[in-house]
Structure formats: C-alpha cells, structure tokens
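These notes concern the structure reproduced below.
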Amino acid sequence: MTSLNDLRTRLSQAERKAESRKEAWEQAQNAEEEARNECFMDPSDEQWTQARRATRRAFLEVDDALKKVRLIRLEIAQRLMSMPWADDIEENWEAYGTAPPTGSRFTSASSSSRRRVPAAPTARPTVTSFQAKIDQWRVDCEAAFADYANIKVFPAPPTDTKCFKQACRVEKRALTACRCQIRHAFSSVPGLDFKKERIAWHPDRFSPCPKGKEEFQAMAKEVFVVVDWMYRQW
C-alpha cells in the first residue's frame, strides 16, 4: 500500500505538472492568437490550423493533469478517514482541502479516543486555495443559472494571480478579471461542457435580473467572449 508521505509527494508532483501544463496551454493560446492575426483569420492558413491543434492538445493535457490532482487528493482524503486519531490529523485535513466527515470519529464529541482539551491556539489567518475558490464559484454559478431573475451577486470568475500583459492592464472592463484570468479560471474546472457554458453565460440570459441588469450583462459579455472562444477550441 502506498504510504501517506508517498501520496503527498505524488500530489506535489501532480500539482507542479498541472501548473506546467497550464502555462503551456496559455503559451499555445498566445501563439494561436498571433497566427490568427498574421493570417487575418484565414481558415485555410496552415500555420493557424496547426496552432489551433496545438492549443487543443494543450487544453486536453491540462484537463488530464487536473483530473490526476483531484484523484490523488481524493485518495489522500480517503486514507485520512481510515487513520486512527493523530495529533496532526486536523492539519492534514486543512492541507489537502478536505473536511473530516460529519459525525465521524474525527468530529464526534463522545469519542472514547478523544484526548485532553488542548489550550486555545493563537489565531492564524485562513488561507483559501484557488481550487477552493473555483469550487465555490461553480456552486455559485449553478445557483445563479437556476434562477437568473433572483441573482443578487454576479458569479464572477475568481483570480489567483495578476496578469502582467500590457493590454490587459490598461483596458477598461466591467470585471476585475481580464480575459487571461477568465481563461485560467475555466481551465481549472475539469470536464466542463463548453457548449452548455456558452449558453449559460450569454448576456441575454441575464436580462431578467431586476437589479443591475446592464451591469450584469456587461460582465456576462466579457465572460461569454472567452467561453465562446474556448468552445470553438473544445
């Protein structure tokens, strides 16, 4: 059986590989944009065709790498669930973004294995991982898409890094995230059906919003442009 330390090592390696794949995908997208501009969007241009194929391959590699990361995290979570009580178990749950199951021996107040109550720990800042933000964002999206008329807060894609492209830094936009950051957010969700996403993010879908209709539609348009582009690469 693979040890927990080995699983941690595998997770670290898988996360680094996923980040590398994301960078390669972004580079492929930039190369495709350059090829498209050079040929003036001529669909018969061979260089643009090859660039589109390279982008598609890079996207699939990102998707595969992220799936492996999630599988390893799941395996670690399952392993932790089967472990006896340990002093560092809480840190293990936090490290891998998985909460102990409700009512399990890790949370039960009546557990016979509970040790003495430790002194209250000093307060420490809570760090939310980007993947946790992505997961919460998708939950918010599902709630918003189920009832557009009652959207109170626009489900904007989360960001984790700054974009240093000059064009992105100077452009005026409704969202905080630029197109590069929006692409990064969507690429962090494995197995997305971009056809459905394209429909869900269409600006007209946000017309029933009683408050912030124009603002929401402007934001949706910026997301839709990126999703539509990704759909065509899908």
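Residue numbers (the numbering used here): 112 to 345. The C-beta atom is built at its ideal place from N, Cα and C for all residues, glycine as well.
Reduced DSSP category for residue i - H, G, I as helix; E, B as strand; rest coil
i, result
"GLU308", "helix"
"SER223", "Because SER223 sits at a pLDDT of 44, beneath the cut-off of 50, its placement in the model cannot be relied upon, and the point is left open."
"ARG216", "Interpretation of ARG216 is limited by its pLDDT of 41, a score under 50 that renders its predicted location unreliable; the figure taken from the coordinates is listed afterwards. ARG216 falls in the coil class under three-state DSSP."
"LEU118", "helix"
"ASP251", "helix"
"PHE123", "Reading off the sequence, residue 123 comes out as Ser, not Phe. Correct three-state label for SER123: helix."
"ALA260", "helix"
"ASP315", "helix"
"MET112", "coil"
"ASP271", "coil"
"TRP340", "helix"
"CYS320", "coil"
"LYS283", "coil"
"ALA329", "helix"
"VAL276", "It is worth fixing the name first, because residue 276 is Lys in this sequence and not Val. Three-state DSSP puts LYS276 in coil, outside helix and strand."
"ARG184", "helix"
Contact under 7 Å by Cβ, residue i with residue j
i, j, result
"VAL337", "ARG294", "yes"
"MET341", "ALA285", "no"
"PHE305", "PHE317", "no"
"ALA176", "ARG132", "yes"
"PRO270", "ALA255", "Sequence inspection shows Thr at residue 270; the Pro mentioned does not correspond to that position. No, they are not a contact pair."
"GLU149", "ARG163", "no"
"TRP159", "ARG147", "yes"
"ALA260", "PRO319", "yes"
"ALA243", "VAL180", "no"
Residue i versus the options, residue with shortest Cα-Cα distance
i, options, result
"ASP246", "ALA129, THR287, PHE256 and ALA296", "ALA296"
"ILE262", "SER131, LYS322 and SER123", "LYS322"
"ASP258", "CYS289, TRP312, THR270 and PHE275", "TRP312"
"PRO301", "ARG121, GLU143 and ARG249", "ARG249"
"PHE241", "ALA260, GLN124, GLN292 and PHE265", "GLN292"
"ASP339", "ILE310, CYS320 and LYS324", "ILE310"
"GLU253", "ARG290, LEU303 and GLU157", "LEU303"
"ILE183", "LYS307, ALA243 and LEU122", "LEU122"
"ALA95", "LYS332, GLN277 and LYS178", "Past the edges of the chain, shown from 112 to 345, lies residue 95, and the structure says nothing about it."
"PHE81", "ASP251, PHE275, THR272 and GLN277", "The structure shown does not extend to residue 81, since the chain is modelled only from 112 to 345, so the question has no answer here."
"GLN189", "LYS276, SER298 and LEU115", "LEU115"
"VAL334", "GLU308, GLU325, LEU185 and ASP153", "GLU308"
"GLN140", "PHE275, ALA165 and LYS283", "ALA165"
"MET112", "GLU186, GLN124, ASP153 and ARG127", "GLU186"
"TRP345", "ARG127, ALA278 and SER298", "SER298"
"GLU126", "CYS274, LYS178 and LYS273", "LYS178"
Near the ligand SAH: residue i beta-carbon under 6 Å from a heavy atom
i, result
"TYR259", "As far as ligands go, the structure on display features none, and thus does not contain the ligand SAH."
Secondary structure, beta strand (DSSP E): runs of 3+ residues fully inside the segment 134 to 158: Counting whole runs of 3 or more residues, the segment 134 to 158 contains no beta strand (DSSP E) stretch at all.
At least 3 beta-carbon pairs within less than 8 Å: the segment 127 to 146 vs the segment 162 to 172: The answer is yes - the segment 162 to 172 touches the segment 127 to 146, with three or more Cβ pairs under 8 Å.
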